[in-house]
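Peer 1: Under this note's numbering, the first residue of the sequence shown is numbered 3, with each subsequent residue one higher.
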Amino acid sequence: MPQLTPMTNIHALQKIFPAGFDNGYGSLKLLVDGFDVVRVPSYISTADMEDVPGRVEFNGTAYTVGESAFRAGDHFERNTDSNENKIKNALTTLLGALAHLPHRKAWHLKLVVSLHDVALAKDLTQVLNGEYQAVLAGKPSEVKVEVLKVVPEGMGALFGQALPKKLTVIDFGNGTTLYSRYTQGKREVHTPYPVGVEVLIDEIAQKMKHLNGGKLGTPSKVRYALENGHTRYSRDIDIG
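Written out as structure tokens, the structure reads:
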């Protein structure tokens with residue numbers, strides 16, 4: 003994700019914003035210049051909900067993205083459920099991320115997007131690029147998305163850094179672990195391995211049966227605890 007300099011004053015009529023987006027398997031991250039980073043679980047719920055953060059009405063469908071989708075119960079789709087979801091769900095989750103920000107009548111995003119496999123960059127760009135009429139958290143908004151570049155995941159860690167002649171980067175994601183090797187600032191190797199943090203979360207969910215009355219744990223509840231910096235699975239169960 004690019005590091006953008008926050009603006010202290012955003013004009014009420016401003017439409018064009020540079021932005022960075024990562025539609026991760028576990029969490030989605032959206033940074034729009036001048037606003038706080040949106041980082042929420044990559045969950046999508048079609049349950050009937052109020053105009054909560056992440057609530058979107060678009061193309062005749064209403065859905066909720068992020069924390070509110072998790073709170074709706076067990077009936078939600080996760081990016082990590084399918085290898086195709088980083089592409090297929092990209093516009094859905096981008097609009098859901100925008101629905102976490104203060105309302106604006108118009109958004110024109112000049113977008114840089116990260117992706118685990120840049121061979122899919124064209125597909126991702128086609129899904130995102132366009133002009134859309136949506137209702138974000140209960141208020142109508144015109145959204146235009148212009149993808150400027152698709153960059154490999156993990157590259158954001160190198161932004162603004164003085165790089166050594168030889169460098170190896172390992173990015174531990176939710177669904178993938180990325181291995182990249184750079185020489186003289188040029189990437190020579192970029193290999194995504196189809197295993198990530200979700201494997202650890204599933205392992206914890208299976209091994210906690212003795213704490214959970216003989217039942218498997220719910221991975222989304224395990225993730226929620228860990229991402230909030232604690233090990234309290236529930237009021238009565240601590241997985242630490």
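Backbone N, C-alpha and C fix where the C-beta goes; we use that ideal spot for every residue, glycine too.
Do E59 and A136 have their CB atoms nearer than 9 angstroms?
Peer 2: In the sequence shown, residue 59 corresponds to position 57, counting from 1. In the sequence shown, residue 136 corresponds to position 134, counting from 1. Contact: yes.
Peer 1: Taking DSSP's pairing of strands, which residues face F174 in a bridge?
Peer 2: If you number the sequence shown from 1, residue 174 lands on position 172. In the DSSP output, where bridge partners are listed per residue, F174 has T179.
Peer 1: Determine the DSSP secondary structure at G22, reduced to helix, strand or coil.
Peer 2: Indexing the sequence shown from 1 puts residue 22 at position 20. Strand at G22.
Peer 1: Cα-Cα, which of E79, V120, L15 and N214 is closest to D238?
Peer 2: The residue you call residue 238 lines up with position 236 of the sequence shown. Selected option, being the one with the closest Cα: N214.
Peer 1: I'd like the span of the alpha helix (DSSP H) that includes L97, first residue to last.
Peer 2: The sequence position of residue 97 within the sequence shown is 95, counting from 1. Element bounds for L97: A92 to L100.
Peer 1: Mapping DSSP to helix, strand and coil, what is S222?
Peer 2: Sequence index remark: in the sequence shown, residue 222 carries index 220 (1-based). S222 falls in the helix class under three-state DSSP.
Peer 1: What is the DSSP secondary structure of K167, reduced to helix, strand or coil?
Peer 2: Locating residue 167 in the sequence shown gives position 165, counting from the first residue. Coil.
Peer 1: So, using beta-carbon positions, are P166 and L180 closer together than 9 angstroms?
Peer 2: Translated into positions along the sequence shown, residue 166 becomes position 164. Translated into positions along the sequence shown, residue 180 becomes position 178. No. Outside cutoff.
Peer 1: Assign P233 to one of three DSSP states: helix, strand, or coil.
Peer 2: Position 231 of the sequence shown, counted from the start, is the residue given in the question as residue 233. This sequence places Thr at residue 233; Pro is not what is there. Of the three classes helix, strand and coil, the one that applies to T233 here is coil, per DSSP.
Peer 1: Kindly list the residues whose CB is nearer than 6 angstroms to the CB of G231, restricted to its own chain and excluding five residues on each side of it in sequence; keep chain order.
Peer 2: Position 229 of the sequence shown holds residue 231. Excluding positions up to five away in sequence, the list is empty.
Peer 1: Compare the beta carbon distance of T233 and G219 with 9 angstroms and say whether it is the shorter of the two.
Peer 2: Position 231 of the sequence shown holds residue 233. Position 217 of the sequence shown holds residue 219. No, these two residues do not count as a Cβ contact at 9 angstroms.
Peer 1: In three-state DSSP terms, what is G242?
Peer 2: Start at 1 with the first residue of the sequence shown, and residue 242 comes out as number 240. Correct three-state label for G242: coil.
Peer 1: From which residue to which residue does the alpha helix (DSSP H) around K124 run?
Peer 2: Translated into the one-based positions of the sequence shown, residue 124 becomes position 122. First-last of the alpha helix (DSSP H) with K124: A123 to L130.
Peer 1: Which residue from S70, T48, V54 and V149 puts its Cα closest to that of G62?
Peer 2: Here residue 62 is taken as the residue at index 60 of the sequence shown, counted from 1. Looking at the Cα atoms, T48 is the closest of the given residues.
Peer 1: Does any CB atom of chain C fall closer than 9 angstroms to the CB of L32?
Peer 2: Included in the structure is just one protein chain, with no chain C present.
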